[in-house]
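Colleague: Pasting in a structure now, in structure tokens, and then I'll have a few things to ask.
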Amino acid sequence: MFGIGTTELVIILGIVLVLFGARRLPELGAGVGKAIRNFKGGLSGTDELDVSPKAEESGDERGDSSP
128 MFGIGTTELV IILGIVLVLF GARRLPELGA GVGKAIRNFK GGLSGTDELD
178 VSPKAEESGD ERGDSSP
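Heads up: the sequence shown runs through residues 128 to 194, numbered per this note's numbering.
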């Protein structure tokens with residue numbers, strides 16, 4: 128795996144633990160997981176942007192001038 132052995136992984140994980148602390152590691156892991164999931168979803172094209180205006184939004188933007 129990328130030419131990194133077990134000893135190097137343990138050292139890297141130790142440095143990450145010291146830098147971020149034990150309390151922030153779950154938050155960091157969740158953030159990385161969400162980022163990877165969003166990236167994969169963007170590559171597959173499953174989540175396309177809908178730029179068409181909705182019917183209820185177009186009525187509000189007209190700005191009825193009746194008092």
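Backbone N, C-alpha and C fix where the C-beta goes; we use that ideal spot for every residue, glycine too.
As the structure is a prediction and not an experimental result, all values here were calculated from the model.
Distance check for L136 and G130, CA to CA, integer angstroms please.
Modeller: 11 Å
Colleague: Where does S179 fall in DSSP's three states?
Modeller: coil
Colleague: Could you check what DSSP says for F147 in three-state terms: helix, strand or coil?
Modeller: helix
Colleague: Can you name, in chain order, every residue of its own chain whose Cβ lies under 7 Å from the Cβ of F147, other than the five neighbours on each side?
Modeller: L155
Colleague: Nearest-angstrom Cα distance between I142 and A149?
Modeller: So the alpha carbons of these two residues sit roughly 11 Å apart.
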